[in-house]
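Enquirer: Taken in order, these protein sequences are the chains called A and B. If you're matching positions, the first sequence starts at 1 in the numbering used here and goes up one per residue. If you're matching positions, the second sequence starts at 123 in the numbering used here and goes up one per residue.
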Amino acid sequence: EVQLVESGGGLVQPGGSLRLSCAASGFTFSGYEMNWVRQAPGKGLEWVSYINSDGSTIYYADSVKGRFTISRDNAKNSLYLQMNSLRAEDTAVYYCARDDRTTMAIPNFDYWGQGTLVTVSS
Amino acid sequence: DIQMTQSPSSLSASVGDRVTITCRASQSISSYLNWYQQKPGKAPKLLICAASSLQSGVPSRFSGSGSGTDFTLTISSLQPEDFATYYCQQSHSIPRTFGQGTKLEIK
Numbered sequence: 001e002v003q004l005v006e007s008g009g010g011l012v013q014p015g016g017s018l019r020l021s022c023a024a025s026g027f028t029f030s031g032y033e034m035n036w037v038r039q040a041p042g043k044g045l046e047w048v049s050y051i052n053s054d055g056s057t058i059y060y061a062d063s064v065k066g067r068f069t070i071s072r073d074n075a076k077n078s079l080y081l082q083m084n085s086l087r088a089e090d091t092a093v094y095y096c097a098r099d100d101r102t103t104m105a106i107p108n109f110d111y112w113g114q115g116t117l118v119t120v121s122s
Numbered sequence: 123d124i125q126m127t128q129s130p131s132s133l134s135a136s137v138g139d140r141v142t143i144t145c146r147a148s149q150s151i152s153s154y155l156n157w158y159q160q161k162p163g164k165a166p167k168l169l170i171c172a173a174s175s176l177q178s179g180v181p182s183r184f185s186g187s188g189s190g191t192d193f194t195l196t197i198s199s200l201q202p203e204d205f206a207t208y209y210c211q212q213s214h215s216i217p218r219t220f221g222q223g224t225k226l227e228i229k
């Protein structure tokens, strides 16, 4: 069974840092691209970042570029999001999501974690 | 960036109704369109990928269609468990933008 379990969320002051983790199991983690998606309270979904299977290709949303860093450790089946210079508008539930291209090679997010809440407030 | 616009933003319907949600892309995305369902307090769930391909385990009352810029998600006969928020997402290019969501409520 595919499982993605996020951790590392919490309350942090503006300007602070936090590192989120996503532990993967039930599939060959090193064979999949991964993403982070966030959802501010009462709002819609916002894609945050993407990393390919070996970590050589990375993309970010403009809203987090220069402040967030995505990475992965395939030996530990884990995905990470280092978040620096946090702002109130970064308050959200952060989800990790597996990127699948089985159907017509069209990317989709076929499995999601349960999410971890990040609150940026003084 | 490709903008995704869903309509309506909210919808009231009854069990047994046929419901259609539309999603429009700001430029052509071929069939690079996915639909997700999200219930309160839960992670999104993939329903349909590549515009019309039903994900394994998703009931056949859900269907998707469209190509280019205009897409639809149809629920043929609403069931109580279908009341949720639905999001479209384009995967044609980075950033992988989502629509703003359509909240489907019980009438």
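Think of the CB as a built atom: it goes at the ideal place given N, C-alpha and C, for glycine as much as any other residue.
Starting from B/N156, trace the beta strand (DSSP E) in both directions and tell me its first and last residue.
Expert: The count along the second sequence starts at 1 and reaches residue 156 of chain B at position 34. Residues L155 to Q160.
Enquirer: Are A/F29 and A/N77 touching if we call contact CB-CB under 9 Å?
Expert: Counting from one through the first sequence, the residue named residue 29 of chain A turns up at place 29. Counting from one through the first sequence, the residue named residue 77 of chain A turns up at place 77. Result yes, Cβ atoms of A/F29 and A/N77 sit closer than 9 Å.
Enquirer: Candidates B/E227, B/S132, B/N156 and B/I124: which alpha carbon is nearest A/R101's?
Expert: Translated into the one-based positions of the first sequence, residue 101 of chain A becomes position 101. It is B/N156.
Enquirer: Any C-beta of chain A sitting closer than 9 Å to the C-beta of B/L168?
Expert: Along the second sequence, read from residue 1 onward, the residue named residue 168 of chain B stands at position 46. Closer than 9 Å: yes.
Enquirer: Give a yes or no on whether the C-beta atoms belonging to A/L86 and A/P14 are separated by under 9 Å.
Expert: Residue 86 of chain A sits at position 86 when you count from the first residue of the first sequence. Residue 14 of chain A sits at position 14 when you count from the first residue of the first sequence. Contact: yes.
Enquirer: Using C-beta distances below 6 Å, list every residue in its chain close to A/E1, excluding the 5 sequence neighbours before and after it, in chain order.
Expert: Start at 1 with the first residue of the first sequence, and residue 1 of chain A comes out as number 1. Result list for A/E1: G26, in chain order.
Enquirer: Would you say A/F109 lies against chain B (beta-carbon separation less than 9 Å)?
Expert: Here residue 109 of chain A is taken as the residue at index 109 of the first sequence, counted from 1. So, interface residue.
Enquirer: If we require 3 or more residues per run, which beta strand (DSSP E) segments fall completely within the segment 129-215 of chain B?
Expert: 132-135, 141-147, 155-160, 167-171, 184-189, 192-197 and 207-212
Enquirer: How big is the Cα-Cα spacing for A/V93 and B/S198?
Expert: As a first step, residue 93 of chain A is located in the first sequence; it is residue number 93 there, counting from the start. As a first step, residue 198 of chain B is located in the second sequence; it is residue number 76 there, counting from the start. Taking the straight line from one Cα to the other gives about 32 Å.
Enquirer: Which whole runs of the beta strand (DSSP E) in the segment 35-80 of chain A are 3 residues long or more, in chain order?
Expert: Counting only runs of 3 or more, we get 45-51, 58-60 and 68-73.
Enquirer: Using a Cβ-Cβ cut-off of less than 9 Å, list which residues of the segment 198-221 of chain B approach chain A; keep chain order.
Expert: T207, Y209, Q211, S213, H214, I216, P217, R218, T219, F220 and G221
Enquirer: State yes or no: is the beta carbon of B/A147 nearer than 9 Å to at least one beta carbon in chain A?
Expert: By one-based count along the second sequence, residue 147 of chain B stands at place 25. No, its Cβ sits nowhere closer than 9 Å to a Cβ of chain A.
Enquirer: Could you pull the DSSP bridge partners for A/A92 from this structure?
Expert: The residue labelled residue 92 of chain A in the question sits at position 92 within the first sequence. Answer by DSSP bridge pairing, in chain order: A/V118.
Enquirer: Within the same chain, show all residues whose beta-carbon is closer than 8 Å to that of A/E46, passing over the 5 residues directly before and after it, in chain order.
Expert: Numbered from 1 along the first sequence, position 46 holds the residue referred to as residue 46 of chain A. Result list for A/E46: V37, R38, Q39, A40, A61, S63 and A92, in chain order.
Enquirer: Using a cut-off of 9 Å between C-beta atoms, extract the partners of B/G223 located in chain A.
Expert: Start at 1 with the first residue of the second sequence, and residue 223 of chain B comes out as number 101. Here the neighbours are K43, G44 and L45.
Enquirer: Using a Cβ-Cβ cut-off of less than 7 Å, give me the residues of the segment 52-78 of chain A that come near chain B, in sequence order.
Expert: Y59 and A61
Enquirer: Are the segment 186-200 of chain B and the segment 123-142 of chain B in contact at 8 Å, needing three or more beta carbon pairs?
Expert: yes
Enquirer: Using only the alpha-carbon positions, how far apart do B/Y209 and B/E227 sit?
Expert: Counting from 1 along the second sequence, the entry for residue 209 of chain B is found at position 87. Counting from 1 along the second sequence, the entry for residue 227 of chain B is found at position 105. The straight-line gap separating the alpha-carbon atoms of B/Y209 and B/E227 is approximately 15 Å.
Enquirer: Looking at C-alpha atoms only, which residue of A/T103, A/G115 and A/L18 is the closest neighbour of A/R67?
Expert: As a first step, residue 67 of chain A is located in the first sequence; it is residue number 67 there, counting from the start. Distances from the alpha-carbon of A/R67 to those of A/T103, A/G115 and A/L18 put A/L18 closest.
Enquirer: Residues in its own chain within less than 7 Å of B/K229 by CB, not counting five upstream and five downstream?
Expert: Numbered from 1 along the second sequence, position 107 holds the residue referred to as residue 229 of chain B. S134, A135 and S136.
Enquirer: Counting along the chain, where does the beta strand (DSSP E) carrying A/G23 start and finish?
Expert: In the first sequence, the residue the question calls residue 23 of chain A occupies position 23. The question names Gly, yet the displayed sequence has Ala at residue 23 of chain A. L18 to S25 is the extent of the beta strand (DSSP E) around A/A23.
Enquirer: In the DSSP assignment, what residue or residues form a beta bridge with A/E6?
Expert: Counting from 1 along the first sequence, the entry for residue 6 of chain A is found at position 6. In DSSP, A/E6 forms a bridge with A/C22.
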